[in-house]
Each structure stands twice: as structure tokens, then as C-alpha cells.
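Colleague:
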Amino acid sequence: MSRGGQEKDREDGPERRCIATGDVEPKGGLIRFVVGPEGQVVPDLAGKLPGRGIWVSADRKALEKAAGKGLFARAAKAPVTVPEGLPDLVEGMLARRVVELISLARKGGGAVSGYEKVKDWLMKEEARVLIQAEDGSARGKTKLSTPYGGNYIGWLTADELGLAFGREKVIHAALGAGGLTKRVVEEAQRLKGLRVASADARPAAGAAAGGNSRRKG
Numbered sequence: 005m006s007r008g009g010q011e012k013d014r015e016d017g018p019e020r021r022c023i024a025t026g027d028v029e030p031k032g033g034l035i036r037f038v039v040g041p042e043g044q045v046v047p048d049l050a051g052k053l054p055g056r057g058i059w060v061s062a063d064r065k066a067l068e069k070a071a072g073k074g075l076f077a078r079a080a081k082a083p084v085t086v087p088e089g090l091p092d093l094v095e096g097m098l099a100r101r102v103v104e105l106i107s108l109a110r111k112g113g114g115a116v117s118g119y120e121k122v123k124d125w126l127m128k129e130e131a132r133v134l135i136q137a138e139d140g141s142a143r144g145k146t147k148l149s150t151p152y153g154g155n156y157i158g159w160l161t162a163d164e165l166g167l168a169f170g171r172e173k174v175i176h177a178a179l180g181a182g183g184l185t186k187r188v189v190e191e192a193q194r195l196k197g198l199r200v201a202s203a204d205a206r207p208a209a210g211a212a213a214g215g216n217s218r219r220k221g
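When the letters of the sequence shown are read in order and numbered with the numbering used here, they come out as residues 5 to 221.
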């Protein structure tokens, strides 16, 4: 933070202040909102909608506080309408965003699903991210390890992963080193903050980024 408490851009990316916590964080870990023409609060996950941005940490409690304590109106300095169930709305939007990104990676050959294919990618060191359904068998999931220096995502459901791969359900998936992988990890990390009960994330064999911590709740 700069002198006087102002937001600034750092080497690791621009920072913004969360209206709920008061903390200044890299904007990649926050959700941007704008006020629409009718005074409604609109989530702007892509950060491209016109208007002054209002930022909230990608965390369920922070969103609940912002929505319930009139913090959006205070930040906008005007009356606003906050959608009912805002945390659930944002969670659903983020989940769809992650699923769509994984689907795009799959279509470009940068993602595989199924235990044997994922195991093969891990053995050949082609996988950069291990993805496992939170509602999959715990015993089955322990048979695969996060790639060294890579990431683990364990808070999508088997149905959501199934949508990404054009199947009914998917338990195991992996992403390679393609251009979409970084975006998937970033968006999945924001989603994790909105999921009250995420799957236990397992320590990577070398790195803690992208979900290698446990979220309780």
C-alpha cells in the first residue's frame, strides 16, 4: 500500500481495496462489481464492464457482509439494488466460467479426463494441474499426486467436470502447460473462496499455489 492508504500497482499485479474487509489485495483475488443503469449491482467477473469498479474479496463471508451491511451503496455513494443471494449467484457464475475454460482447454488438446489418461500424463510429466471432483471417492483420489511444482483443484463436482468434458460425470482430470491453464487456476482459486465446503486440497510435491491449502466451513 502507498502512503495515505492509497491503492497502487505492484510487481505482482494491480491491487484493489475490498469494501468488506478494508484490505488491499491483488485484484486477481477479488470480484469486481459495477452499478448498472437501473442502480442494480452487477458482478463483472471479466473486469470489462464500463463504470467505476467496486471490489470485494472472493470470499463468501466478505460478499455476505458487503450485501447485508449496505456497503455497495456506501461505495457507490448512491442507492443500489443488490441481487438476492449474491454469494450463490457469484459462485454459480464462477463455476460456469471455470467449466467453460476447462472445456476450451480440452478442445485444444490441453486437458484430459479419466484415471488412466491422467495417470499417464502425470507419469510423463505432461500434467501441470491435477483436478479431482470433490464428491469423488477419497480412496481413489489418493492414488494420484499433484504434479511437482504444479497445482491441485479439488472443489469442482463430478457433474461440473462432466460438463467440461462432455460426459455425465468426471472424477479425475489434468491440464497441460497450455495457455489456458493459468486462467483456469486463477478462476478456480476465486471459486474456492465462494465454496463453503471445498474438498481437502492436498499438498503439491513442491508448490503451494492454486489450492494447496485447506478451507474449512
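No residue lacks a Cβ here, since even glycine has one placed at the ideal position from N, Cα and C. Predicted model, so just to flag it, every value in this text is computed and none were measured.
(1) Could you check what DSSP says for residue 192 in three-state terms: helix, strand or coil?
(2) Look at the alpha carbon of residue 84 and the alpha carbon of residue 76, and state the distance between them as a whole number of angstroms.
(3) Suppose the cutoff is 6 Å on Cβ atoms and the five residues either side in sequence are ignored; what does the same chain contact list for residue 197 look like?
(4) Is residue 178 helix, strand or coil when you go by DSSP?
(5) In whole angstroms, what separates the C-alpha of residue 123 from that of residue 148?
(6) Figure out for me which residue from 114, 81, 50 and 127 has the closest Cα to the Cα of residue 101.
(7) Would you grab the beta carbon distance between residue 240 and residue 166 for me? Rounded to a whole angstrom, and I think it's under 8 Å.
(8) Pick out whichever of 155, 153 and 172 has its Cα sitting closest to the Cα of residue 162.
(9) What does the alpha-carbon distance come out to for the pair residue 213 and residue 199?
(10) Where does residue 135 sit, in a helix, a strand or coil, going by DSSP?
(11) Under a three-way DSSP split, which group does residue 152 fall into?
(12) Do you know how far the Cα of residue 128 is from the Cα of residue 90?
(13) In three-state terms, what does DSSP make of residue 143?
(14) In three-state terms, what does DSSP make of residue 23?
(15) Would you say residue 185 reaches chain B, if we count a Cβ-Cβ gap shorter than 8 Å as a contact?
(16) So for residue 18, helix, strand or coil by DSSP?
(17) Do residue 176 and residue 107 count as a contact pair if the criterion is CB distance below 8 Å?
(18) Could you tell me the distance, in whole angstroms, from the CA atom of residue 96 to the CA atom of residue 130?
(19) Looking only at DSSP bridge pairs, what is residue 34 linked to?
(20) Please return the same chain residues whose Cβ sits closer than 7 Å to the Cβ of residue 110, not counting the five positions on each side in sequence.
(21) Since residue 126 and residue 188 should fall inside the 8 Å C-beta cutoff, what is the C-beta to C-beta distance between them, to a whole number of angstroms?
Modeller: Put simply:
(1) Counted from its first residue, the sequence shown places residue 192 at position 188. Helix, per DSSP.
(2) Position 80 of the sequence shown holds residue 84. Position 72 of the sequence shown holds residue 76. Approximately 7 Å between the Cα atoms of the pair.
(3) For the purposes of this step, residue 197 is taken as residue 193 along the sequence shown, with counting starting at 1. These residues qualify, in order along the chain: 62 and 63.
(4) The residue given as residue 178 occupies position 174 in the sequence shown. Correct three-state label for residue 178: strand.
(5) As a position in the sequence shown, residue 123 is number 119, starting the count at 1. As a position in the sequence shown, residue 148 is number 144, starting the count at 1. Residue 123 and residue 148: Cα-Cα distance of roughly 7 Å.
(6) Within the sequence shown, numbered from 1, the residue matching residue 101 stands at position 97. Answer by Cα proximity: 50.
(7) Nothing can be reported for residue 240: it is not among the residues displayed for the chain, which extend from 5 to 221.
(8) The residue given as residue 162 occupies position 158 in the sequence shown. Closest option to residue 162, Cα to Cα, is 172.
(9) By 1-based counting over the sequence shown, the position of residue 213 is 209. By 1-based counting over the sequence shown, the position of residue 199 is 195. For residue 213, the pLDDT reaches just 39, beneath the cut-off of 50, and the residue's location in the model is therefore unreliable, leaving the point undetermined.
(10) Translated into the one-based positions of the sequence shown, residue 135 becomes position 131. Residue 135 falls in the strand class under three-state DSSP.
(11) Looking up residue 152 in the sequence shown gives position 148. It is coil, neither helix nor strand.
(12) In the sequence shown, residue 90 corresponds to position 86, counting from 1. In the sequence shown, residue 128 corresponds to position 124, counting from 1. Using only the alpha carbons, I get a separation of about 43 Å.
(13) One-based indexing of the sequence shown puts residue 143 at position 139. Three-state result, residue 143: helix.
(14) Within the sequence shown, the letter at position 19 stands for residue 23. Here residue 23 sits in coil by DSSP.
(15) The displayed structure is made up of one protein chain only, and chain B is not part of it.
(16) Counted from its first residue, the sequence shown places residue 18 at position 14. Note: residue 18 maps to strand in three-state DSSP.
(17) For the purposes of this step, residue 107 is taken as residue 103 along the sequence shown, with counting starting at 1. For the purposes of this step, residue 176 is taken as residue 172 along the sequence shown, with counting starting at 1. For residue 107 and residue 176, no; Cβs fall outside 8 Å.
(18) Along the sequence shown, one-based indexing puts residue 96 at 92. Along the sequence shown, one-based indexing puts residue 130 at 126. Cα-Cα distance, rounded: 30 Å.
(19) Numbered from its first residue, the sequence shown carries residue 34 at position 30. DSSP output for residue 34 lists 61 as bridge partner(s).
(20) One-based indexing of the sequence shown puts residue 110 at position 106. Contacts found: 168 and 169.
(21) Along the sequence shown, read from residue 1 onward, the residue named residue 126 stands at position 122. Along the sequence shown, read from residue 1 onward, the residue named residue 188 stands at position 184. No, residue 126 and residue 188 are not in contact; Cβ-Cβ is about 17 Å, not under 8 Å.
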